[in-house]
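When you line the sequence shown up against my numbering, it's residues 131 to 491, in that order. Working notes, structure below.
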Amino acid sequence: MKYGNKTDFNIHIGTTDDGPYFEKFMKDGATVKDLHLFGSKFSLITIFRLISYLRKEKFDLVHTHGARAGFFFTIASLFSRVPSIHTSHGYSYENKDQFAAKRFYVFIEKLISLKSNKIGCVSHSDKNIALSEKVARKEKLVVVQNGIDFINSLPDSDLKLREFYNIGSNPLVGTVGRITKQKGPFLFLDVVELLLKEYPTVKAVWIGDGDLKEAMTKEIANRKLNDFVYLYGSKSDASRVMKQFDVFLMTSLFEPFGLTALEAMYSKVPIVASKAGALPSIITHDVTGRLFDLDHPKQAVISIMQALEEKKSSMITSAFHHVTAAYDARKMVKEYEALYHEILQTGNSEGSKDRLVNYGA
């Protein structure tokens, strides 16, 4: 939104009033619509509200984000024809244990694909998953990798972790993310527990909330790690807090992209990450960071120890240059705008300024 072409596109955003970026979108100049979405359940009221919104505004193009928004729009589009592009932001069914649940989510993604002109994939691994599950034809899938806003990543946070937790000069290993099954919170504890045997003074912090926070808190107590592992909770400027980590540890079991990995690399924090999803395509082992197998937490411990002992290394510099060259948010925006123009050229656009709505639920 911030780097979008406001000359070519009149941008509207449909979302929820309590979404984290609602106010930010308005400040960046978009017209923001609260669609009063209801949880994750199917809602006819939401569908009717969306149909009314599309008919009233007569958009030239719709870009949906996430399976929920994509599904709602797919149903609504039966009554309001408009070209569209859908970005899943990771296929969540890859993290489903039950076969029936996975097939249901695959079905939803296939349904969305039928009504979409293009399907945006945030990584090549995401595209490969879509191809293997036959979500869409190869020519409909387009990889547009996520990017970060380097300008907004510069200021320091007002949260000083070492003072807040009285850590002093002890080594600090941290992560930023939702405390959910996908992010591997218990694997995080496994790694820290093993690390403490080698580095008894190490401290660990997790910035973020999630549905497994209570379970993780209990597990920390069960393992007697209360004096070593801290769960801070959510922080709006978490990407700036991570600058204070000595090592960024990412224990994801499945990762469609890994935006926080980019932020850590840009912040010049050594990164140790699991070989999950798109992470191996972002991080080159022993060049821009270190990777470990999910079933070998000891590998993560060895990598963390190496990072702590090296302090400043050429790996940090390599990671920084790699991120700034390949993952600039402005590059991502230009690629999406090129897709918008491509789709609009095959449709019937009205007026000199195309009306685009981004819909995310």
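Idealized CB from N, CA, C, for every residue including glycine. Quantities reported herein were computed from a predicted structural model and do not represent experimental measurements.
Within the model, the alpha-carbon separation for S397 versus R185 is close to 45 Å.
Annotation: Q436 to Y329 spans about 12 Å, alpha carbon to alpha carbon. DSSP places S404 in the uninterrupted beta strand (DSSP E) bounded by I401 to S404.
For the set A368, S262 and E323, the Cα lying nearest the Cα of G338 is the one of A368. DSSP links A334 through a beta bridge to V303 and V359. Just so you know, the alpha carbons of S287 and Q374 end up roughly 9 Å apart. If the five residues before and after R308 are omitted, its C-beta is found closer than 6 Å to the C-beta atoms of G338 and G340, all from its own chain and listed in chain order. Per DSSP, K163 is one residue of the beta strand (DSSP E) stretching across T161 to D164. Excluding five sequence positions before and after G304, the CB atoms of its chain that fall closer than 6 Å to its own CB belong to V335 and F375, given in chain order.
The beta strand (DSSP E) runs lying completely inside the segment 173-198 and spanning 3 residues or more are 191-195, given in chain order. I141: member of the beta strand (DSSP E) spanning F139 to T145, first to last residue.
In the DSSP assignment, R420 falls within the unbroken beta strand (DSSP E) covering R420 to F422. Beyond the five residues adjoining it in sequence on each side, P315 comes within less than 6 Å, by CB distance, of I309, L342 and M346 in the same chain, given in chain order.
Runs of the alpha helix (DSSP H) lying entirely within the segment 407-483, each at least 4 residues long, are 409-412, 427-440, 444-456 and 459-475 in chain order. The C-beta separation of L317 from P427 comes to about 6 Å, placing the pair in contact by the 8 Å criterion.
Remark: C-beta atoms of V399 and M372 approach each other more closely than 8 Å.
Beyond the five residues adjoining it in sequence on each side, I249 comes within less than 6 Å, by CB distance, of H216, S243, A266, K270 and L271 in the same chain, given in chain order.
L174 counts as exposed, since fewer than 16 other C-beta atoms from the protein chains shown sit within 10 angstroms of its C-beta. Nearest neighbour of E187 by Cα position, chosen from T176, F202 and R211, turns out to be R211. The alpha-carbon of L208 is positioned some 12 Å away from that of S246.
The three-state secondary structure of F318, taken from DSSP, is helix. Close CB contacts of K264 within its chain, under the 8 Å cut and outside five residues either way in sequence, are with K240 (chain order).
A direct Cα-Cα distance of roughly 28 Å separates S404 from F294. Put simply, the segment 436-454 touches the segment 415-422. At least three CB pairs are less than 8 Å apart. Exclusion of the five residues before and after N300 leaves T331, V332 and K333 as the residues of its chain whose Cβ lies within less than 7 Å of its Cβ.
When the Cα atoms are used, L324 and F189 turn out to be separated by approximately 55 Å. Here F229 carries a helix assignment [DSSP, helix/strand/coil]. Assignment of L383 by DSSP, reduced to helix, strand and coil, places it in the coil class.
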